[in-house]
Each structure stands twice: as C-alpha cells, then as structure tokens.
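Asks: In our numbering, the protein residues as written are 1159 to 1294.
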Amino acid sequence: MSARGKARRRALDILFEAEARGEDPLKVLAERLERKEPPVNEYTAALVEGVCRHRARIDELITTYAEGWTLDRMPAVDRNLLRGGTYELLWMPDVPEGVVISEWVGLAAELSTDESPQFVNGLMARFKQLKPSLAL
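1) Thinking just about the alpha-carbon of each residue, which of S1274, L1219, V1209 is nearest to the one in S1291?
2) Contact between the segment 1218 to 1234 and the segment 1275 to 1285 is defined here as three or more beta-carbon pairs at a separation below 8 Å; is this criterion met?
3) Starting from T1222, trace the alpha helix (DSSP H) both ways and give me its first and last residue.
4) From A1293 to K1185, what distance separates their C-alpha atoms?
5) By how many angstroms is the C-alpha of A1176 removed from the C-alpha of E1192?
6) Report, in whole angstroms, the separation of the C-beta atoms of V1206 and L1187, which I expect to be a contact under 8 Å.
7) Assuming P1183 contacts C1210 under a Cβ cut-off of 8 Å, what Cβ separation, rounded to an integer in Å, is found between them?
8) Whole angstroms are fine: how far does the CA of P1254 sit from the CA of A1267?
9) Distance check for V1235 and A1161, CA to CA, integer angstroms please.
10) Going by C-alpha distance, which of N1238, K1164, E1195, A1224 is nearest R1213?
11) Alpha carbon to alpha carbon, how far is A1165 from T1202? Give it in angstroms, no decimals.
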C-alpha cells in the first residue's frame, strides 16, 4: 500500500472512530497525533481536517445523489468512506481523480459489505462527472 493509501486508511479509521464514539473527528485526530501510535502523517491530517471543514456540503451531496439511501441507512464505514473520498475528489485537485476513486473503492472492498465497492464507485464517479457544475 502506498503512503497515501495508508494515509487514507488512517483518515477513515479516525472518521469512523469519531462517529462511533460520538466525538469530533478533530479531537480524535489530536489524540492520535499526540499518541503517535499508529503514526499519523500530514496527508491523513489534511483529509480529516478537510472532511470536517466541508462536512455539511459533503453530507448534502451524498444525501442528494445517493439514490434510495439516506446517510443514516448507510453502513457507518460507507458513510465515512464517501466523506473522505468526496473531500479528496472535490477539494484536492492535485490528486488524479481516477486514483482517488480507485483508492476509496479499494478500501470499501476491504472493509465493508460486498455491495459497498459498487455503491462507492457509482457515487464517486457521479461526483467526478458533476464536479465542474457543483458549487463548492
């Protein structure tokens, strides 16, 4: 797994843990940075901070385009995969879109249900298509 792949995985861990604990992801990030175990690199921090900064818009997009699914009905892993992937796809232009989608779909395949990779891929591909017209 690449360094950025590990960073994405750690960002997902932090987002998921924060939701499970009912805490702010920035607090969980700060705890991880202080503990230094496992190490948290700058890319992980950038992903978590970006998701937090744009969370309302990210959740609005997911809710709008996830046909037949509400955020509450999605598995928590999928919800946080989509948050991280959507942030990276729409707000981090230095990363190739295809790489972003592939990496987050790979995490879905590894960590979630059998249907999750297709769901994450479909929604993120839609965001990629709509990106020029989305008001961010």
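Built from N, CA and C at the ideal position, the CB exists for glycine as well.
Replies: Answer, in terms of the structure:
1) By alpha-carbon distance to S1291, the top candidate from S1274, L1219, V1209 is L1219.
2) yes
3) 1213 to 1223
4) 29 Å
5) 16 Å
6) 5 Å
7) That pair is a contact at about 6 Å.
8) 20 Å
9) 21 Å
10) N1238
11) 5 Å
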